[in-house]
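Colleague: Taken in order, these protein sequences are the chains called Z and H. The first sequence begins at 3 in the working numbering and counts up one residue at a time. The second sequence begins at 18 in the working numbering and counts up one residue at a time. Take a look at this one; I'll ask things after.
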Amino acid sequence: MTQSNRLNQGGRIDRSRRLSFTFNGQQYMGFAGDTLASALLANGVDVVNRSFKYSRPRGITAAGPEEPNAIVQLGATEAAQVPNVRATQQALYDGLVARGTNGWPSVQRDVMSWVGKLGGGFMPPGFYYKTFMAPASMWMTYEKFIRKGAGLGRSPSEADPDIYDHFNQHCDVLVIGSGPAGLTAALSAARAGARVILCDEQEEMGGSLLDSRESIDGAPASAWAEQAVAELAGLDNVTLLPRTTANGYHDHNFVTLHERRTEHLADTAAAAGREGEVRARLHRVRAGRVVLASGSHERPLVYANNDVPGNLVAGAVSVYIRRYGVVPGQRLVLSTNNDHAYRAALDWQEAGREVVAVVDSRAKPDGDLAKQARDAGIRVITGSAVMEATGNQRVSGAKVVAIDTERFVVTGKVETLECDTIASSGGYSPVVHLASHTGKRPQWRDDLLGFVPGEVKGMHVAGGAHGVYALGEALADGAGVGAEAARAAGFEEAAAIAVPDVEVRHESPTSALYQVPHEKPPLRAPKQFVDLQNDVTAAAVELATREGFESIEHVKRYTALGFGTDQGKLGNINGMAIAARCLNRSIPDVGTTVFRPNYTPVSFGAIVGRHCRDLFDPERYTALHQWHVENGAEFEDVGQWKRPWYFPRRVNGKRETMHEAVARECLAVRRGVGILDASTLGKIDIQGPDAREFLGRVYTNKWAKLAPGRVRYGLMCKDDGMLMDDGTTSCLGENHFLMTTTTGGAAGVLEWLELWHQTEWPELQVYFGSVTDHWATMTVTGPDARKLMSEVTDIDLDREQFKFMDWKEGKVAGVPARVFRISFTGELAFEINVQANYAMHVWKALFAHGEKYDLTPYGTETMHVLRAEKGLIIAGQDTDGSVTPEDLGMHWAVGYDKPFSWIGQRALTRPDTAREDRKQLVGLKPKDPKVVLEEGAQIVLDPEQKIPMTMMGHVTSSYYSPVLESGFALAVLKGGRNRMGETVYLPMSDGSVHQAEVVSTVFIDPKGERQNV
Amino acid sequence: MFHIFCPYCQEYREEEEFHPSGQAHLVRPADPASVSDDEWGDYLFFRDNPRGIHHEMWVHRLGCRKFFNITRDTTSYEILETYRMGEQPSITAANAEVRREQGVQTADGGWQTVGAQPENSRLNEETPS
């Protein structure tokens, strides 16, 4: 196919660099500097997509981010798939592959089109929900086919080969948009010395200057833009970010900018010859001041069949002709309510194609451009508008009629003009989206017939973004606003730059026209589209108001107006105007909806940046991690720690299952000796003359008499009396203690101690330091533990000399160590603490000596089974923030007679915490020993009771015990301690019911003799 | 990206070093045993949720580990001042408008109108209007 619509000269493309690309399976040629949209138009491609709901053929409508139809799926390979790309914003590159996101099996022959054709009239808003919702269970089935038919693009099923990153940036003045106002604003601020970031979403900076017919200082506007950009590029205090969309405007001038780094060059950075570079970058900018110079979007008029390919907004016609050397048709009819749009007709005629007519809704347009058109011999039909387009896959004509905009009726006879392109302009809407992100509602201006941004602290608006449209005025406005922003950012000397010379044009006022009246009543006329992406028609908006939806927010949700990926950039104002007309209210009275970030779709890669895969979250390793890896450990995440979960061995050539490995590890500890890497336990060093007093206030039990060399288990409550953490604390010296916490609770407990010390008891002299990482902890436990330890340490291990809950200092494997006789398994246990960098040496020495005892490493799963067999709790598993020490049956660890009212004490006597029937910790023994109850399973007393049953509690920990050869569990049960021996029931989701007996929490060695052998 | 002035470090630090820690200026009854269940319940469970000026406790968790106070506007999320534990706010719901006008906005130092910089102690000495 040839580029039949390409002009031989003109435009900002490089005709010497030909690019080949594929669209919907067909190969085409374009030039460097093209967008995908301009290249498609150059090749005469009319239908680029099928519409979302009615499956109507759609063509390219606009030239920027507001494009509602040309939404494509990009990517030559599966891994490079990108959905939701606007063809108007995608730079063309060699080898680009894209297809329309809608249309199945193809946009030309669409199986869903019968729905639009036959059923179109019967598809009011809410059609899918009203029709397919019943039965509800079938919706998922219907939806699959509806989605396939409608198409919304798809995400790739293979991993993205590209990388993305984030930049944090600070600047004095951030200028968003590099059109006339943006450029003069940036120049004013930059020349004053402010650090300026200037971003623009287009491939090239200059905005509307690039397609302007006007002159600046006697030269083409685009030449002045090039010169201004060149000056800014040469300044050290200016960062230019082209191809960068300001996508979100957040609190306190925090703006997110999305920069396309290699997306415009190829499918992947590697394919672009830029291997290792980032595909897209998210700039997180904290700006002193923001200058919003985002310009405006032209509104199309709403008329019948305004969606047939060949209907464009007028400004886009000029952009395609002047920037890309592409005329998107042969014969043009322009329908307008303002002067500025006339340039489309002038550009069209100068390109050598026929302008059939300009249809102006105003009675007497007499502006300079209108005169120029008349002088050029163009037919101007006044007081009229295009009422309806004819044609199917391409416009074939325009039905023009005289209208009365006040009464919203046609007043004359319909004339049909033969043409293949209809350009329309209903005026201009300032791009208020970013300002709206901050929560500030846009303000309606009757003189502009548009919304302008609300007032945002730290934001200045320049140019078209607040309705200053004329070129000379926009340049001056930008210059002044840029200086004002710089002054506000502390550059007091900042002054507006001298504004270049621009000829002033006379324009006659724009008339208020949004929807063109049709000879048939709105609900009978052919479809008049308001929101092209979501297939929302004027009739749908009208129907919504008739059905009682009066708030624009409700109209939006009922019709889906503005819900597309384009967020209604083209259609919203027209929709509001139609709703206002139907409700007989003013547009500001109907109000506007809120725009939210992001302004245009952003790929997840850019949002995630480097925070993925291994860098998603920091990982913490113990000093022994490498040994665990080499010995085949499976790991479990505990907070950020990687802890060995279990150590599967190969038995008879087969790798053990977790169940087999845990059973073996449990028996090794109960019968021989096992070893656990417990280094992750939180460790807090506490010193000071008031350390002991402080411990007495934060723990529930007593600390006044704990002598150096002794260890005590403590419970820590919040002030509501609920357990928050537990652990042992050892007295290292009269004023020196070492507190241990749960692995996950370490940081929280340290902060908790600081909180109480700093805010309640600053008079206490006590200091806290985290020493978790300083010490490695190895637990040697089992009946053979003492034998093994005696081979590696000089500490006297005699059971009378080194009692349970003692700690001693000495050498282990020749290394200084603290050894604690505490047990979390119920067996004889020694917890060895050594400086972390000696840990591997000690660990290996233990294994060298431990071989003859079959020293068995065990992981967290075995640790859980062993402690649960002893009824030892894990804070956060057996407790959940609603469990008191009394509920746990730990009355022995609560010092009610301590002199100071410790944290949580007062709450324990509140009526609710003192109730007898609170959930209490009990053991459960399943009647069927093979059953391992589900953790979280609910306990009931009467399994025959009708749902909802009376729930009495739930299982908190449940395992299989190889020693008991039975499942067993810990649970919290209402009034549990008075229910010993009772049978309870646990109904499961599959309808089965387990039976269990309420027993003591201690399943093994109830007298605690084994830890003292 | 957002900077908060730590009144102990005496400098602006990254927001990621800080963490909120609930309502400021809560008074724990000095003798818990002597208060009624209702009073103790109020202390435990009831918190203000104002629209506008709010005093909050924050902690410089990844810095000096000190707790301090922030006066913040819950409608605009502006931090109006930061001050040490034990000090009283100079900006309150009663005088917020006056104080805000006196403030200065720094270009890149976040949005504290008056931080607990040296001028804070001076502001503290003034009698609130």
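A virtual CB, placed ideally from N, CA and C, is assigned to each residue, including glycine.
If the criterion is Cβ atoms closer than 8 Å, does the pair A485 (chain Z) and A232 (chain Z) meet it?
Modeller: No. Outside cutoff.
Colleague: How is S22 (chain Z) classed by DSSP in three states: helix, strand or coil?
Modeller: Three-state result, S22 (chain Z): strand.
Colleague: What is the DSSP secondary structure of T881 (chain Z), counted as helix, strand or coil?
Modeller: Correct three-state label for T881 (chain Z): coil.
Colleague: What in chain Z is Cβ-close to D54 (chain H), meaning under 7 Å?
Modeller: The contacting residues are R912, P913.
Colleague: Using the Cα positions of N307 (chain Z) and T392 (chain Z), report the straight-line distance between them to the nearest angstrom.
Modeller: Roughly 7 Å separates the two Cα atoms.
Colleague: Does the separation of the CB atoms of S960 (chain Z) and E936 (chain Z) fall below 8 Å?
Modeller: Yes. Within cutoff.
Colleague: Which residues in chain H sit within 8 Å of S903 (chain Z), going by Cβ to Cβ distance?
Modeller: Simply D48, P49, A50.
Colleague: Counting only Cβ pairs nearer than 8 Å, list the residues of chain Z close to L61 (chain H).
Modeller: Ordered by position in chain Z, the residues that pass the 8 Å Cβ test against L61 (chain H) are D721, D722, A909.
Colleague: Counting contacts by CB-CB distance shorter than 8 Å, is Y94 (chain H) in contact with chain Z?
Modeller: It does: the Cβ of Y94 (chain H) has a partner Cβ on chain Z nearer than 8 Å.
Colleague: Provide the residue span of the alpha helix (DSSP H) that contains M842 (chain Z), from first to last.
Modeller: 841–852 is the extent of the alpha helix (DSSP H) around M842 (chain Z).
Colleague: Using a C-beta cutoff of 8 Å, does T761 (chain Z) count as contacting chain H?
Modeller: It does: the Cβ of T761 (chain Z) has a partner Cβ on chain H nearer than 8 Å.
Colleague: Checking contacts by CB at 8 Å: is E638 (chain Z) closer than that to chain H?
Modeller: Answer no: the Cβ-Cβ gap between E638 (chain Z) and chain H never drops below 8 Å.
Colleague: To the nearest angstrom, how far is the alpha carbon of H266 (chain Z) from that of E205 (chain Z)?
Modeller: Going from the Cα of H266 (chain Z) to the Cα of E205 (chain Z) covers about 8 Å.
Colleague: How long is the line joining the alpha carbons of V1000 (chain Z) and G969 (chain Z), rounded to whole angstroms?
Modeller: Looking at the two C-alpha atoms, the distance is approximately 13 Å.
Colleague: If you drop the 5 nearest sequence neighbours on each side, which residues of the same chain put their C-beta closer than 7 Å to that of E31 (chain H)?
Modeller: The residues are H20.
Colleague: Rounded to whole angstroms, what's the CA-CA distance from T682 (chain Z) to V50 (chain Z)? Just pull it up for me.
Modeller: In a straight line, the C-alpha of T682 (chain Z) is about 59 Å away from that of V50 (chain Z).
Colleague: Using a Cβ-Cβ cut-off of 6 Å (strictly less than) and excluding sequence neighbours within five positions of L185 (chain Z), which residues of its own chain qualify?
Modeller: Closer than 6 Å at Cβ, skipping near neighbours: A230.
Colleague: Could you have a look at K685 (chain Z) and say whether DSSP puts it in helix, strand or coil?
Modeller: K685 (chain Z) falls in the strand class under three-state DSSP.
Colleague: Go ahead and pull the three-state DSSP assignment for Q837 (chain Z).
Modeller: Q837 (chain Z): strand per DSSP, three-state reduction.
Colleague: Which runs of the alpha helix (DSSP H) spanning at least 4 residues fall entirely within the segment 48–109 of chain H, listed in chain order?
Modeller: List check, alpha helix (DSSP H) in window: 54–62.
Colleague: Is Q91 (chain Z) closer than 8 Å to T37 (chain Z) when the C-beta atoms are compared?
Modeller: Yes, they are a contact pair.
Colleague: My guess is that F84 (chain H) and Q767 (chain Z) are in contact by the Cβ rule of under 8 Å, so how many angstroms apart are they, rounded?
Modeller: With a Cβ gap of about 18 Å, F84 (chain H) and Q767 (chain Z) do not count as contacting.
Colleague: Quick one: which residues of the segment 253–281 of chain Z get their C-beta closer than 9 Å to a C-beta of chain H? List them in chain order.
Modeller: Within the segment 253–281 of chain Z, the qualifying residues are D253, H254, N255, F256.
Colleague: How about W75 (chain H): is its C-beta nearer than 8 Å to some C-beta of chain Z?
Modeller: False, the Cβ-Cβ gap to chain Z never drops below 8 Å.
Colleague: Does the Cβ of G39 (chain H) have 16 or more other Cβ atoms within 10 Å, making it buried, or fewer, making it exposed?
Modeller: Label assigned to G39 (chain H): exposed.
Colleague: Note down the Cα distance separating P928 (chain Z) from G878 (chain Z), rounded to an integer number of angstroms.
Modeller: Distance between the alpha carbons of P928 (chain Z) and G878 (chain Z) is about 24 Å.
Colleague: Give me the residue from Z:E390, Z:V1015, Z:T744 with the minimum Cα distance to E802 (chain Z).
Modeller: The shortest Cα separation from E802 (chain Z) among Z:E390, Z:V1015, Z:T744 belongs to Z:V1015.
Colleague: In whole angstroms, what is the alpha-carbon distance linking E34 (chain H) and V76 (chain H)?
Modeller: Each residue's alpha carbon lies about 9 Å from the other.
Colleague: Tell me which same chain residues have a C-beta within less than 8 Å of the C-beta of D880 (chain Z), skipping the five on either side of it?
Modeller: If we look at D880 (chain Z) and ignore the five residues flanking it on each side, its Cβ neighbours are L890, L923, T958, S959, L972, V974.
Colleague: Report the rounded CA-to-CA distance for T1003 (chain Z) versus Y715 (chain Z), giving the unit in angstroms.
Modeller: Each residue's alpha carbon lies about 18 Å from the other.
Colleague: For the segment 286–313 of chain Z, enumerate the residues whose C-beta is nearer than 7 Å to any C-beta of chain H, in chain order.
Modeller: Going along the segment 286–313 of chain Z in chain order, one finds R286, R288, G290 with a Cβ nearer than 7 Å to chain H.
Colleague: Name, in chain order, the residues that DSSP records as bridge partners for R917 (chain Z).
Modeller: Paired residues: none, contrary to the question.
Colleague: Does the separation of the CB atoms of Y962 (chain Z) and L678 (chain Z) fall below 8 Å?
Modeller: The answer is no: Cβ separation not under 8 Å.
Colleague: I need the DSSP call for N45 (chain Z), collapsed to helix, strand or coil.
Modeller: If DSSP states are grouped into helix, strand and coil, N45 (chain Z) belongs with coil.
Colleague: Could you name the residues of the segment 586–604 of chain Z whose beta carbon sits closer than 7 Å to any beta carbon of chain H, in the order they occur along the chain?
Modeller: Answer set for the segment 586–604 of chain Z: empty.
Colleague: If distances are taken between C-alpha atoms only, which option among Z:P367, Z:D368, Z:A378 comes closest to W350 (chain Z)?
Modeller: When each option's Cα is compared against that of W350 (chain Z), the closest is Z:A378.
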